[in-house]
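Asker:
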Amino acid sequence: MAAPMLEFRTPGFNPYAVQYSPYYDSRIAVASSANFGIIGNGKLFVLELTPEGVVQPGKVWDTNDSQYDVAWSEINENQLLVACGDGSLKLFDLSVDNFPVMNFHEHKREALSVSWSPVTKDSFLTSSWDGTVKLWSPTRNQALRTLPVGACTYSAAYCPMNPAIISAASSDSHLRIFDLRTPVSAKYHLVATIAVHAPAMGNSLPHLAGGGVPPPGAMGGGPSEILTHDWNKYNDTIVATGGVDKVIRTFDIRNPSGGALSYMMGHEFAVRRLAWSPHAHDTLISASYDMTVRLWNDGSPPPPTPPPQPNAPVRMGNMVGMMNRHTEFTTGVDWCLFGEGGWVASTGWDERVLLWDANALVGMRR
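Counted the way this note's numbering counts, the sequence shown spans residues 85 to 450.
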(Lines of atoms letter the chains of each structure in order from A and count residues from 1; the text may use other names and numbers.)
(Lines give C-alpha, C1' and ligand atoms only; values in the text may rest on other atoms or scores of the structure.)
Protein backbone atom coordinates (compact mmCIF):
# COMPACT_ATOMS: atom_id res chain seq x y z
CA MET A 1 0.00 0.00 0.00
CA ALA A 2 1.41 3.38 -0.98
CA ALA A 3 1.90 6.13 1.57
CA PRO A 4 -0.55 9.06 1.28
CA MET A 5 1.10 11.80 -0.74
CA LEU A 6 0.33 15.35 -1.83
CA GLU A 7 2.19 17.13 -4.61
CA PHE A 8 3.04 20.62 -5.85
CA ARG A 9 5.00 21.43 -9.01
CA THR A 10 7.49 24.27 -9.58
CA PRO A 11 7.64 24.48 -13.43
CA GLY A 12 10.93 25.84 -14.72
CA PHE A 13 12.53 25.87 -11.28
CA ASN A 14 14.50 23.12 -9.52
CA PRO A 15 14.03 23.16 -5.74
CA TYR A 16 17.02 22.97 -3.41
CA ALA A 17 15.39 23.19 0.02
CA VAL A 18 12.05 22.87 1.78
CA GLN A 19 10.97 23.80 5.31
CA TYR A 20 7.73 23.58 7.25
CA SER A 21 6.66 26.68 9.15
CA PRO A 22 7.36 26.40 12.90
CA TYR A 23 4.00 28.09 13.44
CA TYR A 24 1.58 26.34 11.05
CA ASP A 25 1.45 22.74 9.87
CA SER A 26 -0.24 23.92 6.68
CA ARG A 27 2.52 26.29 5.51
CA ILE A 28 5.69 25.19 3.68
CA ALA A 29 8.51 27.23 2.11
CA VAL A 30 10.48 26.08 -0.93
CA ALA A 31 13.70 27.65 -2.28
CA SER A 32 14.34 26.93 -5.96
CA SER A 33 16.61 27.83 -8.85
CA ALA A 34 16.37 28.01 -12.62
CA ASN A 35 18.65 25.74 -14.67
CA PHE A 36 19.45 23.48 -11.69
CA GLY A 37 21.14 26.37 -9.90
CA ILE A 38 23.97 26.64 -12.41
CA ILE A 39 22.93 30.00 -13.85
CA GLY A 40 19.84 32.16 -13.71
CA ASN A 41 17.37 33.44 -11.16
CA GLY A 42 15.58 31.90 -8.20
CA LYS A 43 12.01 31.62 -7.00
CA LEU A 44 10.77 31.35 -3.42
CA PHE A 45 7.42 29.64 -2.89
CA VAL A 46 5.27 29.73 0.22
CA LEU A 47 2.77 26.90 -0.11
CA GLU A 48 -0.50 26.53 1.75
CA LEU A 49 -2.19 23.20 2.45
CA THR A 50 -5.97 23.57 2.39
CA PRO A 51 -8.34 21.60 4.65
CA GLU A 52 -9.31 19.66 1.54
CA GLY A 53 -5.76 18.42 1.11
CA VAL A 54 -4.79 20.63 -1.82
CA VAL A 55 -1.36 22.26 -1.96
CA GLN A 56 -1.51 25.72 -3.49
CA PRO A 57 0.88 28.69 -3.73
CA GLY A 58 0.34 31.41 -1.16
CA LYS A 59 3.17 33.81 -1.99
CA VAL A 60 5.90 33.69 -4.64
CA TRP A 61 8.98 35.91 -4.88
CA ASP A 62 11.68 36.07 -7.54
CA THR A 63 15.37 36.68 -6.86
CA ASN A 64 18.10 37.66 -9.30
CA ASP A 65 20.21 34.63 -8.48
CA SER A 66 19.76 30.99 -7.53
CA GLN A 67 18.35 29.99 -4.13
CA TYR A 68 20.07 27.21 -2.16
CA ASP A 69 18.40 27.20 1.25
CA VAL A 70 15.44 28.60 3.18
CA ALA A 71 14.60 29.14 6.87
CA TRP A 72 11.50 30.49 8.58
CA SER A 73 11.94 33.24 11.15
CA GLU A 74 11.57 32.08 14.75
CA ILE A 75 10.31 35.49 15.92
CA ASN A 76 7.90 36.51 13.15
CA GLU A 77 5.50 33.96 11.68
CA ASN A 78 5.27 35.93 8.43
CA GLN A 79 8.98 36.17 7.64
CA LEU A 80 11.50 33.81 6.05
CA LEU A 81 15.06 33.90 4.72
CA VAL A 82 16.69 32.56 1.58
CA ALA A 83 20.37 31.98 0.83
CA CYS A 84 21.30 33.02 -2.71
CA GLY A 85 23.96 32.21 -5.27
CA ASP A 86 25.34 35.76 -5.33
CA GLY A 87 26.23 35.45 -1.64
CA SER A 88 23.26 37.44 -0.38
CA LEU A 89 20.61 36.57 2.20
CA LYS A 90 17.15 37.98 1.67
CA LEU A 91 14.42 38.34 4.29
CA PHE A 92 10.88 38.26 2.90
CA ASP A 93 7.60 39.11 4.62
CA LEU A 94 4.23 37.66 3.64
CA SER A 95 2.70 41.13 3.93
CA VAL A 96 5.09 42.64 1.38
CA ASP A 97 4.91 41.83 -2.33
CA ASN A 98 7.77 41.69 -4.83
CA PHE A 99 10.73 42.75 -2.68
CA PRO A 100 12.60 41.56 0.44
CA VAL A 101 12.29 43.65 3.60
CA MET A 102 16.00 43.15 4.39
CA ASN A 103 19.08 42.26 2.38
CA PHE A 104 22.32 40.95 3.89
CA HIS A 105 25.39 40.70 1.69
CA GLU A 106 28.85 40.02 3.08
CA HIS A 107 29.58 36.54 1.73
CA LYS A 108 32.02 36.64 -1.20
CA ARG A 109 30.65 33.52 -2.88
CA GLU A 110 27.47 31.43 -2.91
CA ALA A 111 25.48 31.40 0.33
CA LEU A 112 24.69 27.72 0.85
CA SER A 113 22.76 27.45 4.10
CA VAL A 114 20.72 29.48 6.56
CA SER A 115 19.63 28.44 10.05
CA TRP A 116 17.55 30.42 12.56
CA SER A 117 18.33 30.16 16.27
CA PRO A 118 15.63 27.96 17.86
CA VAL A 119 16.45 29.05 21.42
CA THR A 120 17.05 32.81 21.61
CA LYS A 121 15.27 33.32 18.26
CA ASP A 122 17.04 36.66 17.76
CA SER A 123 19.75 35.61 15.30
CA PHE A 124 20.49 33.39 12.33
CA LEU A 125 23.50 31.65 10.84
CA THR A 126 24.68 31.39 7.27
CA SER A 127 27.44 29.42 5.57
CA SER A 128 29.10 29.94 2.24
CA TRP A 129 31.41 28.63 -0.43
CA ASP A 130 33.76 31.42 0.71
CA GLY A 131 34.74 29.30 3.72
CA THR A 132 33.02 31.31 6.43
CA VAL A 133 30.07 31.04 8.78
CA LYS A 134 28.38 34.31 9.72
CA LEU A 135 26.11 35.18 12.62
CA TRP A 136 23.44 37.83 11.94
CA SER A 137 20.69 39.81 13.59
CA PRO A 138 17.58 40.23 11.41
CA THR A 139 17.60 43.95 12.27
CA ARG A 140 21.19 44.70 11.16
CA ASN A 141 22.75 44.64 7.70
CA GLN A 142 26.21 43.81 9.04
CA ALA A 143 27.13 40.40 10.42
CA LEU A 144 27.55 40.19 14.19
CA ARG A 145 30.42 37.68 13.90
CA THR A 146 32.37 35.85 11.23
CA LEU A 147 33.71 32.37 11.96
CA PRO A 148 36.47 31.24 9.56
CA VAL A 149 36.31 27.64 8.38
CA GLY A 150 38.73 27.76 5.47
CA ALA A 151 36.83 25.37 3.20
CA CYS A 152 33.52 25.44 1.34
CA THR A 153 30.96 25.22 4.14
CA TYR A 154 27.79 23.51 3.00
CA SER A 155 25.81 23.75 6.22
CA ALA A 156 25.83 25.50 9.57
CA ALA A 157 23.43 24.97 12.48
CA TYR A 158 22.67 25.94 16.05
CA CYS A 159 22.63 23.38 18.81
CA PRO A 160 18.89 23.00 19.52
CA MET A 161 19.31 23.47 23.29
CA ASN A 162 22.30 25.79 23.65
CA PRO A 163 22.36 29.01 21.60
CA ALA A 164 26.10 29.46 22.17
CA ILE A 165 27.03 26.24 20.36
CA ILE A 166 27.30 26.33 16.56
CA SER A 167 28.33 23.62 14.11
CA ALA A 168 29.60 23.71 10.54
CA ALA A 169 30.10 20.93 7.98
CA SER A 170 32.46 21.50 5.08
CA SER A 171 34.13 20.16 1.98
CA ASP A 172 37.34 19.26 3.83
CA SER A 173 35.59 16.30 5.54
CA HIS A 174 35.39 17.99 8.93
CA LEU A 175 32.63 18.93 11.34
CA ARG A 176 33.55 21.96 13.43
CA ILE A 177 32.03 23.00 16.75
CA PHE A 178 32.16 26.62 17.91
CA ASP A 179 31.30 27.94 21.37
CA LEU A 180 30.49 31.65 21.34
CA ARG A 181 31.15 31.87 25.09
CA THR A 182 34.88 31.38 24.55
CA PRO A 183 37.18 34.33 23.80
CA VAL A 184 37.30 35.25 20.13
CA SER A 185 41.10 35.15 20.36
CA ALA A 186 40.87 31.42 21.04
CA LYS A 187 40.67 30.19 17.46
CA TYR A 188 37.60 32.34 16.73
CA HIS A 189 35.50 30.30 19.20
CA LEU A 190 36.49 26.95 17.66
CA VAL A 191 36.40 24.30 20.41
CA ALA A 192 36.32 20.97 18.53
CA THR A 193 37.12 19.60 15.08
CA ILE A 194 35.78 16.18 14.14
CA ALA A 195 37.46 14.39 11.24
CA VAL A 196 34.35 12.66 9.91
CA HIS A 197 36.14 9.98 7.91
CA ALA A 198 38.91 9.22 10.39
CA PRO A 199 38.80 6.14 12.64
CA ALA A 200 38.62 6.60 16.38
CA MET A 201 41.88 7.74 17.94
CA GLY A 202 43.99 4.69 18.76
CA ASN A 203 41.46 2.33 17.19
CA SER A 204 42.18 1.44 13.57
CA LEU A 205 38.91 -0.43 13.03
CA PRO A 206 35.81 0.07 15.18
CA HIS A 207 33.86 -2.90 16.52
CA LEU A 208 30.12 -3.27 16.24
CA ALA A 209 27.86 -3.52 19.23
CA GLY A 210 27.15 -7.24 19.50
CA GLY A 211 30.46 -8.21 17.89
CA GLY A 212 32.09 -8.03 14.48
CA VAL A 213 33.25 -5.00 12.51
CA PRO A 214 31.42 -2.61 10.17
CA PRO A 215 30.89 -3.93 6.63
CA PRO A 216 33.17 -2.83 3.77
CA GLY A 217 32.50 0.78 2.87
CA ALA A 218 31.30 1.89 6.29
CA MET A 219 34.63 3.53 7.02
CA GLY A 220 34.56 5.32 3.68
CA GLY A 221 37.25 5.51 1.05
CA GLY A 222 39.09 8.45 2.55
CA PRO A 223 38.03 12.05 3.18
CA SER A 224 35.17 13.40 1.08
CA GLU A 225 32.89 16.40 1.16
CA ILE A 226 30.34 16.68 3.97
CA LEU A 227 27.18 18.17 2.43
CA THR A 228 24.76 18.14 5.35
CA HIS A 229 24.46 17.70 9.10
CA ASP A 230 21.87 18.07 11.84
CA TRP A 231 21.64 18.02 15.63
CA ASN A 232 19.60 15.42 17.49
CA LYS A 233 16.61 17.25 18.96
CA TYR A 234 16.59 15.11 22.14
CA ASN A 235 20.30 14.76 22.84
CA ASP A 236 22.24 17.98 22.42
CA THR A 237 25.63 16.30 22.08
CA ILE A 238 24.74 14.10 19.08
CA VAL A 239 25.17 15.24 15.47
CA ALA A 240 24.53 13.32 12.24
CA THR A 241 26.50 13.96 9.04
CA GLY A 242 26.08 12.93 5.41
CA GLY A 243 27.87 13.62 2.17
CA VAL A 244 29.56 12.42 -0.96
CA ASP A 245 30.60 8.99 0.36
CA LYS A 246 26.89 8.01 0.81
CA VAL A 247 27.28 7.06 4.49
CA ILE A 248 25.38 8.72 7.35
CA ARG A 249 27.31 8.86 10.63
CA THR A 250 26.52 10.09 14.12
CA PHE A 251 29.03 11.65 16.51
CA ASP A 252 29.12 12.75 20.13
CA ILE A 253 30.77 16.16 20.39
CA ARG A 254 31.95 15.31 23.91
CA ASN A 255 34.47 12.95 22.33
CA PRO A 256 35.56 14.60 19.05
CA SER A 257 38.39 12.12 18.43
CA GLY A 258 36.35 9.07 19.34
CA GLY A 259 35.05 8.26 15.87
CA ALA A 260 31.49 7.65 14.76
CA LEU A 261 28.86 6.29 17.16
CA SER A 262 26.79 4.75 14.38
CA TYR A 263 26.75 4.21 10.63
CA MET A 264 23.73 4.17 8.31
CA MET A 265 24.31 2.77 4.85
CA GLY A 266 22.09 2.21 1.84
CA HIS A 267 22.11 5.32 -0.32
CA GLU A 268 23.63 4.74 -3.76
CA PHE A 269 24.78 8.33 -4.30
CA ALA A 270 25.67 11.33 -2.15
CA VAL A 271 23.48 12.26 0.81
CA ARG A 272 22.36 15.83 0.11
CA ARG A 273 20.23 16.60 3.16
CA LEU A 274 19.28 14.96 6.43
CA ALA A 275 17.09 15.89 9.39
CA TRP A 276 16.55 14.36 12.82
CA SER A 277 12.94 13.80 13.78
CA PRO A 278 11.45 16.33 16.22
CA HIS A 279 9.26 13.52 17.54
CA ALA A 280 11.70 10.65 18.29
CA HIS A 281 15.26 10.53 19.61
CA ASP A 282 16.46 7.71 17.31
CA THR A 283 14.85 8.62 13.97
CA LEU A 284 16.15 10.67 11.05
CA ILE A 285 15.39 11.11 7.39
CA SER A 286 17.73 11.71 4.46
CA ALA A 287 17.52 12.90 0.85
CA SER A 288 20.03 11.74 -1.74
CA TYR A 289 21.18 12.18 -5.30
CA ASP A 290 20.01 8.57 -5.80
CA MET A 291 16.47 10.08 -6.03
CA THR A 292 15.28 8.47 -2.80
CA VAL A 293 14.30 9.69 0.63
CA ARG A 294 15.07 7.20 3.39
CA LEU A 295 13.91 6.84 6.97
CA TRP A 296 16.46 5.55 9.50
CA ASN A 297 16.71 4.32 13.07
CA ASP A 298 20.20 4.91 14.45
CA GLY A 299 19.83 2.31 17.21
CA SER A 300 20.60 4.72 20.03
CA PRO A 301 19.25 4.35 23.59
CA PRO A 302 16.91 6.99 25.00
CA PRO A 303 18.58 10.08 26.46
CA PRO A 304 20.20 11.06 28.66
CA THR A 305 23.21 9.15 27.42
CA PRO A 306 26.45 8.87 29.43
CA PRO A 307 29.68 10.25 27.96
CA PRO A 308 31.14 7.95 25.29
CA GLN A 309 33.75 5.50 26.48
CA PRO A 310 37.10 4.90 24.70
CA ASN A 311 36.94 2.09 22.13
CA ALA A 312 33.19 1.72 22.64
CA PRO A 313 31.47 -0.45 20.01
CA VAL A 314 29.68 1.38 17.22
CA ARG A 315 26.15 0.75 15.99
CA MET A 316 24.85 -0.01 12.52
CA GLY A 317 21.61 1.91 12.09
CA ASN A 318 18.71 0.44 10.15
CA MET A 319 16.83 1.80 7.18
CA VAL A 320 13.16 1.40 8.12
CA GLY A 321 11.53 2.98 5.08
CA MET A 322 12.24 4.36 1.61
CA MET A 323 10.33 6.67 -0.73
CA ASN A 324 11.35 6.69 -4.39
CA ARG A 325 8.68 8.85 -6.01
CA HIS A 326 11.11 11.58 -7.06
CA THR A 327 12.54 11.25 -10.56
CA GLU A 328 15.60 13.48 -10.15
CA PHE A 329 18.09 14.31 -7.40
CA THR A 330 16.31 14.79 -4.07
CA THR A 331 17.76 17.90 -2.47
CA GLY A 332 15.57 18.82 0.46
CA VAL A 333 13.61 17.21 3.28
CA ASP A 334 11.96 18.47 6.47
CA TRP A 335 9.69 17.21 9.25
CA CYS A 336 6.38 18.78 10.21
CA LEU A 337 6.58 19.82 13.87
CA PHE A 338 2.90 19.12 14.49
CA GLY A 339 0.55 16.16 14.34
CA GLU A 340 1.38 12.56 15.06
CA GLY A 341 5.02 12.80 14.09
CA GLY A 342 5.21 11.35 10.62
CA TRP A 343 4.54 14.01 8.01
CA VAL A 344 7.50 15.23 6.00
CA ALA A 345 8.11 17.39 2.95
CA SER A 346 10.64 16.42 0.30
CA THR A 347 11.72 18.14 -2.87
CA GLY A 348 14.12 17.66 -5.74
CA TRP A 349 15.31 18.67 -9.15
CA ASP A 350 12.24 17.05 -10.75
CA GLU A 351 10.38 20.33 -10.03
CA ARG A 352 8.21 18.66 -7.40
CA VAL A 353 7.40 19.10 -3.74
CA LEU A 354 5.92 16.03 -2.07
CA LEU A 355 4.14 15.97 1.30
CA TRP A 356 3.75 12.51 2.78
CA ASP A 357 3.52 10.39 5.91
CA ALA A 358 6.88 8.80 6.72
CA ASN A 359 5.29 6.51 9.31
CA ALA A 360 3.42 4.80 6.49
CA LEU A 361 6.79 3.81 4.97
CA VAL A 362 8.07 1.93 7.99
CA GLY A 363 9.01 -1.55 6.86
CA MET A 364 8.18 -0.77 3.23
CA ARG A 365 10.71 -1.01 0.38
CA ARG A 366 8.85 0.75 -2.41
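For glycine and all other residues, C-beta sits at the position ideal for the given N, C-alpha and C.
In whole angstroms, what is the alpha-carbon distance linking Trp220 and Asn408?
Answerer: 37 Å
Asker: State buried or exposed for Ala270, treating a residue as buried only when at least 16 other CB atoms are found within 10 Å of its CB.
Answerer: exposed
Asker: At which residues does the beta strand (DSSP E) containing Trp360 begin and terminate?
Answerer: Val355 to Trp360
Asker: Rounded to whole angstroms, what is the Cα-Cα separation between Pro232 and Met403?
Answerer: 35 Å
Asker: Can you check which of these residues, Gly343, Glu352 and Asp382, is closest to Ala396 by C-alpha distance?
Answerer: Gly343
Asker: From this set, Glu352, Val323, Trp427 and Asp320, which residue's C-alpha is nearest Lys32's C-alpha?
Answerer: No answer is possible for residue 32: the residues shown for the chain start at 85 and end at 450.
Asker: Hey, out of Val268, Glu161, Asp153 and Ile250, whose CA is closest to Arg169's CA?
Answerer: Residue identity differs from the one stated: residue 169 is Gly in this sequence, not Arg. Residue Asp153 is the option with its Cα nearest to Gly169.
Asker: State the Cα-Cα distance for the pair Leu164 and Trp156, rounded to the nearest angstrom.
Answerer: Their Cα atoms are separated by approximately 4 Å.
Asker: List the DSSP bridge partners of Ser221.
Answerer: In DSSP, Ser221 forms no bridge with anything.
Asker: Going by the DSSP bridge assignment, what does Asp382 pair with across the sheet?
Answerer: None, per the DSSP bridge assignment.
Asker: On the criterion of 16 or more Cβ atoms from any shown chain inside 10 Å, does Pro244 qualify as buried, or is it exposed?
Answerer: Buried, since its Cβ has 16 or more Cβ neighbours within 10 Å.
Asker: With DSSP as the reference, label Ala118 as helix, strand or coil.
Answerer: In the three-state reduction of the DSSP assignment, Ala118 falls in the helix class, which pools H, G and I.
Asker: Are the beta-carbon atoms belonging to Ser346 and His365 less than 8 Å from one another?
Answerer: no
Asker: Is His189 closer than 8 Å to Ser251 when the C-beta atoms are compared?
Answerer: no
Asker: Is Lys192 helix, strand or coil by DSSP?
Answerer: coil
Asker: Whole angstroms are fine: how far does the CA of Arg224 sit from the CA of Ala279?
Answerer: Between the alpha carbons of Ala279 and Arg224 lies a gap of roughly 34 Å.
Asker: Within 10 Å of its beta-carbon, does Ser116 have 16 or more other beta-carbons around it, so buried, or fewer, so exposed?
Answerer: The Cβ neighbour count for Ser116, taken over all protein chains shown within 10 Å, is at least 16; the residue is labelled buried.
Asker: Distance check for Asp263 and Leu438, CA to CA, integer angstroms please.
Answerer: Rounded to the nearest angstrom, the two C-alpha atoms are 37 Å apart.
Asker: So if DSSP puts Thr321 in a beta bridge, which residue, or which two residues, is it bridged to?
Answerer: DSSP lists no partner for Thr321.
Asker: Could you check what DSSP says for Leu421 in three-state terms: helix, strand or coil?
Answerer: coil
Asker: Using only the alpha-carbon positions, how far apart do Asn443 and Met89 sit?
Answerer: About 12 Å.
Asker: What does DSSP give as the partner residue(s) for Ala229 in the beta ladder?
Answerer: Checking the sequence shown, residue 229 turns out to be Arg, not Ala. Leu219.
Asker: For the beta strand (DSSP E) containing Ile332, name the first residue and the last one.
Answerer: Ile332 to Asp336
Asker: Given that a residue counts as buried once 16 or more other Cβ atoms are within 10 Å of its Cβ, and exposed if not, what is Lys192?
Answerer: exposed
Asker: Hey, out of Val130, Arg378 and Pro340, whose CA is closest to Gln361's CA?
Answerer: The identity of residue 361 in the sequence shown is Ser, whereas the question assumes Gln. Comparing Cα positions, the closest option is Arg378.
Asker: Between the C-alpha atoms of Tyr107 and Lys127, what's the straight-line distance to the nearest angstrom?
Answerer: 22 Å
Asker: By DSSP, does Ala248 sit in helix, in strand, or in coil?
Answerer: coil
Asker: Helix, strand or coil: how does DSSP classify His410 here?
Answerer: coil
Asker: Beta carbon of Trp145, beta carbon of Phe176: below 8 Å?
Answerer: Yes.
Asker: Inspect the beta-carbon positions of Val355 and Leu311 and report whether they are closer than 8 Å.
Answerer: yes
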